[in-house]
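As numbered in the UniProt record's numbering, residues 1 to 521 make up the sequence shown, in order.
Cβ coordinates follow ideal geometry from the N, Cα and C atoms, glycine included.
Heads up, the thing below is written out as structure tokens.
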Amino acid sequence: MVKSMTWSLYKHSSSDRCVLLSSESPIVIYAQIGGSVTIPRDSSITADNVYVNWYRGSDKNLTISRNPQGGIQLGKDVKTRASLSPDYDLQISPVQDSDFEVWRCEQHVLTSTHVKTYKLYHVTIPKVPAVMFGDSLSLECKTESSSARPSITWIPPENSGCHQIKRHGNTITVKDVSRCHSGVWTCQVNYDGRETKATTTVFVIDLSPSPPDSIYTSLSSSSTVNIPCSLSSKIPWSVLNETGLQGGSWSFTPLSDQSQQQPLLTLSVGPVVRWDVTPGTNSRVKGRELKDMDLSIHNLPVSEKIRGEYSCSLTFKSKTLSRKVKVEVLQVNSSGGSRVYEGQSVNLTCTLGHSIASDLEVVWKYPPSFPPPPPQPPQRQHIISIPEVTMQHSGQWKCQLLLKNGTMLTYAALSLKIEKAPVDVWLCVAISSGVVVFILLIVITIIGIRRHKQTMMYRRRKTRYCCCKKDCSPSVEIAVGLGKKWKCGAPRCDRKGHFRDQRGRGSSPPGPPLVHATATA
């Protein structure tokens, strides 16, 4: 390429003499609005005492300069965000639309002056909207016409797990996009031995892959678990709304009833995006505001009821994106509960609520005071049978769930408490009843003896005397006894005062002694 030569008069800033200098056509420099650009000075000037002055176009006011004595100085009323590199090259960041013009660099060494001019040209990448997973992507890199002949290379984003190749040409098309294509694409422009890079950000809307394995957790009083779900890249919610986001949801299919899907959360779309608990559900999930790419369920309390499959989905006008996560809960069950009486038989079972897969294995950790039992066959590794528990079995029993390579997925523990066997309640009742019966027998015996004594006392007859008045006639003397009246001198009472029966024999009346008698005329 033939470079044109021009001549111009230059008035030195520190003297009144003019120097006739020759200059070539402005050097082509490509830059992107909003990016940064470095305009190199003539590197052949290597003197330490060089004065470097940068000007905008034909403007005589300095933009920025380097003075060996005074250092770097910015010009007055400079709108361009300019700086100097360690080599005194001009750096502009960010590049504004007004910066795309001619720039002049003057270098002074003693009486010598060296001048070079540069011109900024546009390199632009039209903005592309967010792309749904599986759709196609088209990118174009435009360069403003200049004397240079640029070549363009597209550099894809650097995403983990993705291997992509560079593409050449102003326009490229990518079919069936994935998360690997989401990120910063770079348009590398090579021209006249120089290089300029322009960038654009591509948003590929997709959800991150589901975990390759189930999420394993264990049952305890305070344990919680997070159910993961997230966007595959950091996409602002405003971009998702522009793409046609209509809603989203979390649902749950329990292990115990795989035919019944339960709604958990519903996505509320608007200025504030949040998960809201679906009305009418008895789940323990909590709603929350979403501010980033994380769509997960946080701090779900662990119980047997959370075993199952969770589904996270986002619904757009064109398609629905969804991911599924399976949750497994490990626990240790005791056939006799956590409190067992000494002498009982107990089975300890390490379970996921279903049969453990063949690629997993169970390892038990025993209490320190308990000698390990003999090895169990593979199909019985998850069960420990204790025919008769003793105090040595007290302590924490831990069940570890491992992969075949030894990686531990989770563990569950059970604190077993062994207590002395109590006396049987019915035995206590029988003993108490026997004591009561014995006491009753003693009481009844005593009562019987006393009544017998009283009966015998009533049957005994003693001699009683009839107390009659002396002045009464025999025909009218009366003896009183046992509520009956007896006449003195009557057949029942002789003259000596003894009672007589009808046969005339003395006897004692059946009652208390007569204490007094009365007489009548």
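- Buried or exposed: Arg-179, going by 16 or more other Cβ atoms within 10 Å of its Cβ? As a working mapping, residue 179 is identified with position 179 in the sequence shown. By the 10 Å Cβ count, Arg-179 comes out buried.
- Task: Could you have a look at Ile-130 and say whether DSSP puts it in helix, strand or coil?
- Result: In the sequence shown, counting from the first residue as 1, residue 130 sits at position 130. Reading the sequence as shown, one finds Ala at residue 130 and not Ile. The answer is coil: DSSP assigns Ala-130 none of H, G, I, E or B.
- Residue of Ser-256, Pro-254, Ile-235 minimising C-alpha distance to Met-293: Counting from one through the sequence shown, the residue named residue 293 turns up at place 293. Measuring from the Cα of Met-293, the nearest candidate turns out to be Ile-235.
- Measuring CA to CA, which of Val-78, His-108, Ile-297, Ile-439 is closest to Ser-98? One-based indexing of the sequence shown puts residue 98 at position 98. Out of Val-78, His-108, Ile-297, Ile-439, Val-78 has the C-alpha closest to the C-alpha of Ser-98.
- Buried or exposed for Leu-314, please, with buried defined as at least 16 other CB atoms from any protein chain shown within 10 angstroms of its CB. Position 314 of the sequence shown, counted from the first residue, corresponds to residue 314. With 16 or more Cβ atoms within 10 Å of its Cβ, Leu-314 is classed as buried.
- Would you please state the rounded distance, in angstroms, between the beta carbons of Gln-396 and Pro-367? I believe it to be under 8 Å. The residue labelled residue 396 in the question sits at position 396 within the sequence shown. The residue labelled residue 367 in the question sits at position 367 within the sequence shown. Going by Cβ atoms, the distance from Gln-396 to Pro-367 rounds to 6 Å, so yes, they are a contact pair.
- Item | C-alpha distance - Val-28 paired with Ala-198, whole-angstrom precision | In the sequence shown, counting from the first residue as 1, residue 28 sits at position 28. In the sequence shown, counting from the first residue as 1, residue 198 sits at position 198. Rounded to the nearest whole angstrom, the C-alpha separation of Val-28 and Ala-198 is 16 Å.
- Message: Does the structure place the stretch 275 to 292 close enough to the stretch 327 to 347 that three or more beta carbon pairs sit under 8 Å?
- Response: no
- Message: Between His-354, Asn-61, Arg-450, Gly-247, which has its C-alpha nearest Thr-320's C-alpha?
- Response: In the sequence shown, the residue the question calls residue 320 occupies position 320. For Thr-320, the nearest C-alpha among the options comes from Gly-247.
- On the premise that Tyr-51 lies in contact with His-114, defined as a C-beta separation below 8 Å, what is that separation, rounded to the nearest angstrom? Counting from 1 along the sequence shown, the entry for residue 114 is found at position 114. Counting from 1 along the sequence shown, the entry for residue 51 is found at position 51. Not confirmed; about 10 Å, so no contact.
- Taking the C-alpha atoms as reference points, what is the distance between Arg-104 and Ile-172? As a position in the sequence shown, residue 104 is number 104, starting the count at 1. As a position in the sequence shown, residue 172 is number 172, starting the count at 1. For Arg-104 and Ile-172, the distance between alpha carbons rounds to 36 Å.
- Alpha carbon to alpha carbon, how far is Ser-238 from Tyr-216? By one-based count along the sequence shown, residue 238 stands at place 238. By one-based count along the sequence shown, residue 216 stands at place 216. Their Cα atoms are separated by approximately 35 Å.
- Item | Meets three-Cβ-pair contact criterion under 8 Å: the stretch 188 to 203 and the stretch 137 to 151 | yes
- Message: Relative to the C-alpha of Asp-359, which candidate in Gly-343, Leu-401, Lys-326, Gln-164 has its C-alpha closest?
- Response: Along the sequence shown, read from residue 1 onward, the residue named residue 359 stands at position 359. Nearest of Gly-343, Leu-401, Lys-326, Gln-164 to Asp-359, Cα basis: Leu-401.
- Segment limits, beta strand (DSSP E) that includes Thr-407: Translated into positions along the sequence shown, residue 407 becomes position 407. Segment: none, Thr-407 is in no beta strand (DSSP E) and carries neither H nor E.
- Can you tell which of Gln-258, Val-174, Tyr-310 has the C-alpha that lies nearest to the C-alpha of Cys-229? Looking up residue 229 in the sequence shown gives position 229. Taking only the C-alpha atoms, the option nearest Cys-229 is Tyr-310.
- Message: Using only the alpha-carbon positions, how far apart do Asn-53 and Phe-100 sit?
- Response: In the sequence shown, the residue the question calls residue 53 occupies position 53. In the sequence shown, the residue the question calls residue 100 occupies position 100. Each residue's alpha carbon lies about 19 Å from the other.
- Query: Given a threshold of 16 other Cβ atoms within 10 Å of its Cβ, counted over all protein chains shown, does Gly-71 qualify as buried or as exposed?
  - Reply: Counting from 1 along the sequence shown, the entry for residue 71 is found at position 71. Gly-71 is exposed by the Cβ-count criterion.
- Message: Can you tell me whether Asp-276 is helix, strand or coil according to DSSP?
- Response: If you number the sequence shown from 1, residue 276 lands on position 276. Asp-276: strand per DSSP, three-state reduction.
- Message: Any contact between the stretch 155 to 169 and the stretch 118 to 129? By contact I mean 3 or more CB pairs, one from each, below 8 Å.
- Response: no
- Query: Would you call the stretch 266 to 274 and the stretch 341 to 353 in contact, with 3 or more CB pairs under 8 Å?
  - Reply: no
- Simplified DSSP assignment, three categories, for Glu-388: The count along the sequence shown starts at 1 and reaches residue 388 at position 388. Correct three-state label for Glu-388: coil.
- DSSP state of Lys-79 mapped onto helix, strand, coil: Against the sequence shown, residue 79 aligns to sequence position 79. Note: Lys-79 maps to coil in three-state DSSP.
- Query: Do we get a CB-CB distance below 8 Å when we pair Val-174 with the residues of chain C?
  - Reply: No chain C is part of this structure, which consists of one protein chain only.
- Mind checking which residues open and close the alpha helix (DSSP H) that includes Leu-348? The count along the sequence shown starts at 1 and reaches residue 348 at position 348. From DSSP, Leu-348 is part of no alpha helix (DSSP H) but of the beta strand (DSSP E) over 346 to 351.
- Query: What is the DSSP secondary structure of Val-332, counted as helix, strand or coil?
  - Reply: By one-based count along the sequence shown, residue 332 stands at place 332. The answer is strand: DSSP assigns Val-332 an E or B state.
- Message: Measuring straight from C-alpha to C-alpha, what distance separates Leu-207 and Leu-414?
- Response: Locating residue 207 in the sequence shown gives position 207, counting from the first residue. Locating residue 414 in the sequence shown gives position 414, counting from the first residue. Those two C-alpha atoms are separated by around 38 Å.
- Task: Would you mind sorting Arg-339 into buried or exposed? The rule is 16 or more other CB atoms within 10 Å of its CB.
- Result: Along the sequence shown, read from residue 1 onward, the residue named residue 339 stands at position 339. It counts as exposed.
- Message: Given a cut-off of 8 Å on the beta-carbon distance, is the pair Val-436 and Cys-399 in contact?
- Response: Residue mapping note: residue 436 aligns to position 436 of the sequence shown, counting from 1. Residue mapping note: residue 399 aligns to position 399 of the sequence shown, counting from 1. No. Outside cutoff.
- Item | Test item: CB-CB of Leu-137 and Val-202 under 8 Å | Locating residue 137 in the sequence shown gives position 137, where the first residue counts as 1. Locating residue 202 in the sequence shown gives position 202, where the first residue counts as 1. Their beta carbons are under 8 Å apart, which means Leu-137 touches Val-202 by this criterion.
- With a Cβ-Cβ cutoff of 8 Å, do Ser-251 and Leu-264 count as a contact? Counting from 1 along the sequence shown, the entry for residue 251 is found at position 251. Counting from 1 along the sequence shown, the entry for residue 264 is found at position 264. Taking 8 Å as the cut-off, the beta carbon of Ser-251 is found closer than this to the beta carbon of Leu-264.
- Task: Count the other CB atoms, across all protein chains shown, that sit within 10 Å of the CB of Leu-440; report buried if there are 16 or more and exposed otherwise.
- Result: Taking the sequence shown and counting its residues from 1, the one referred to as residue 440 is at position 440. Sixteen is the threshold: since fewer than 16 other Cβ atoms of the shown chains lie within 10 Å of the Cβ of Leu-440, the residue is exposed.
- Task: Provide the residue(s) that pair with Asp-294 in DSSP beta bridges, ordered along the chain.
- Result: For the purposes of this step, residue 294 is identified with residue 294 of the sequence shown, where counting begins at 1. Ser-230, per the DSSP bridge assignment.
- What three-state label does DSSP hand Phe-370 in the structure shown? Stepping through the sequence shown from its first residue, residue 370 is reached at position 370. Coil, per DSSP.
- Nearest to Ile-39 by CA position, among Ser-146, Val-102, Ser-25, Asn-49, is which residue? Within the sequence shown, numbered from 1, the residue matching residue 39 stands at position 39. Of the candidates Ser-146, Val-102, Ser-25, Asn-49, the one whose C-alpha sits nearest the C-alpha of Ile-39 is Val-102.
- Message: Suppose only complete runs of 3+ residues qualify. What are the beta strand (DSSP E) ranges in the stretch 89 to 114, listed by chain order?
- Response: 90 to 92, 102 to 109
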